[in-house]
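So the protein lines, in turn, are chains A and B. Okay, so the first sequence: first residue is 1 according to my numbering, each after it adds one. Okay, so the second sequence: first residue is 1 according to my numbering, each after it adds one. All residues carry an ideal CB built from backbone N, CA and C; glycine is no exception.
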Amino acid sequence: MKEFNYIKLEFPSHSSNEGFARAAAAAFASQLDPTMEELGDLRTAVSEAVTNAIVHAYPDSIGRISLRMRILDGCTVEISVRDWGRGIEDVEKAMTPLYTSGGEERSGMGFTIMESFMDKLRVRSVPGGGTTVTMRKLISPRAKRL
Amino acid sequence: MEISTGFEAGRLTVYLSGELDHHEARRAMLRIDELLDEYMPRDCALNLSGLRFMDSSGIAVIIRVSRRMQILGGRAWIEDPARQPQRVIDAAGIDRLVPIAMNR
């Protein structure tokens with residue numbers, strides 16, 4: 001797929017950066033003129049992926065998180081959230097609805113929401129080496145909406 | 001995120017507004033716990049009409065309130081969710097656990 005535009009951001013895993021990450025993602029995606037619903041879905045998916053990195057990759061420390069976004073073929077947004085933290089031993093188990101290792105302030109629905117709001121979701125993880133979550137969503141061309 | 005309340009005839013309404021994410025969820029849970037201890041309501045409505053954004057952290061808050069109200073022998077429900085929170089609630093499927101009331 002042809003890359004039209006991209007951004008790369010890096011920030012420490014402070015929970016105050018969750019809001020920043022989804023605002024930055026929404027600002028970048030706005031060039032595709034998404035609907036309010038599509039924009040909400042992107043913000044939610046980014047919030048989930050970044051929160052997972054903050055809570056699970058670096059449970060007892062502050063580490064770095066990278067957010068990369070690309071626009072492919074002029075109408076698909078690709079979002080990659082990467083960390084260099086603890087990694088996930090069993091990705092399939094981690095993606096099971098309601099499963100969480102994060103205590104009572106987590107619901108275990110993060111991956112379910114990412115899957116539901118995005119068209120594609122891929123999780124790569126190396127225990128002890130970090131995790132990369134890559135998601136894609138097709139933004140409906142404005143002409144087709146009229 | 002802002003939390004305000006209304007109390008009438010044993011029913012506590014908790015109005016959540018702004019953005020409810022993981023960063024805000026712990027504070028929201030502690031504040032709602034205090035409110036439930038203070039009012040000891042028969043019913044508790046979580047009004048989400050002013051919530052601009054919520055992710056799965058909001059689901060954890062809703063489930064916690066529902067469980068606490070069950071322990072108190074009362075009921076909890078979601079009231080008038082704004083559009084984005086509604087999509088998250090639908091995706092998580094918690095409408096099977098916590099009823100949604102649309103009063104608008």
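Partner residues on chain A for residue i, Cβ-Cβ distance less than 7 Å
i, result
"R26 of chain B", "E105"
"I32 of chain B", "Ordered by position in chain A, no residue passes the 7 Å Cβ test against I32 of chain B, which lies about 12 Å from the chain."
"M29 of chain B", "E105"
"R64 of chain B", "E104"
Per-residue DSSP class, three states only, for residue i
i, result
"I88 of chain A", "coil"
"K137 of chain A", "strand"
"K2 of chain A", "coil"
"E105 of chain A", "coil"
"T51 of chain A", "helix"
"R22 of chain A", "helix"
"S80 of chain A", "strand"
"G93 of chain B", "coil"
"V98 of chain B", "coil"
"R26 of chain B", "helix"
Exposure label - residue i; buried when at least 16 CB within 10 Å
i, result
"N52 of chain A", "buried"
"P12 of chain A", "exposed"
"S61 of chain A", "exposed"
"R83 of chain B", "exposed"
"S125 of chain A", "buried"
"N5 of chain A", "exposed"
"M36 of chain A", "exposed"
"S57 of chain B", "buried"
"T96 of chain A", "exposed"
"P141 of chain A", "exposed"
"S101 of chain A", "exposed"
"R43 of chain A", "buried"
"E38 of chain B", "exposed"
"E24 of chain B", "buried"
"P59 of chain A", "exposed"
"S47 of chain A", "buried"
"G108 of chain A", "buried"
"S30 of chain A", "exposed"
"G85 of chain A", "buried"
"K8 of chain A", "exposed"
"H27 of chain A", "Checking the displayed sequence, the identity of residue 27 of chain A turns out to be Ala instead of His. Exposed: under 16 other Cβ atoms inside 10 Å."
Per DSSP, the bridge partner or partners of residue i
i, result
"T96 of chain A", "According to DSSP, T96 of chain A bridges with nothing at all."
"I3 of chain B", "B:L16"
"G50 of chain B", "B:S17"
"C44 of chain B", "B:L12 and B:A76"
"P81 of chain B", "In the DSSP output, where bridge partners are listed per residue, P81 of chain B has none listed."
"T131 of chain A", "A:D83 and A:S125"
"I7 of chain A", "A:M69"
"R64 of chain A", "A:P12"
Neighbour flag for residue i against chain E, beta carbons, 9 Å
i, result
"P12 of chain A", "The structure shown contains no chain E; its protein chains are A and B."
Proximal residues of chain B, C-beta to C-beta of residue i below 8 Å
i, result
"G40 of chain A", "F53, R83, Q84 and R87"
"E18 of chain A", "D21, H22 and H23"
"E48 of chain A", "D55 and S56"
Proximal residues of chain B, C-beta to C-beta of residue i below 7 Å
i, result
"G110 of chain A", "S56"
"S116 of chain A", "A91"
Interface residues of chain B facing residue i [CB-CB closer than 9 Å]
i, result
"R43 of chain A", "F53, D55 and Q84"
"L139 of chain A", "In the sequence as displayed, the identity of residue 139 of chain A is Ile instead of Leu. Correct list: empty, because the minimum Cβ distance to chain B is about 16 Å."
"T51 of chain A", "D21, H22, H23, D55, S56 and S57"
"I79 of chain A", "Within 9 Å Cβ-Cβ: nothing; I79 of chain A doesn't reach chain B, min ~14 Å."
Interface partners of residue i on chain A, CB under 9 Å
i, result
"A9 of chain B", "Per Cβ cutoff of 9 Å: no residues; A9 of chain B is ~30 Å from chain A at best."
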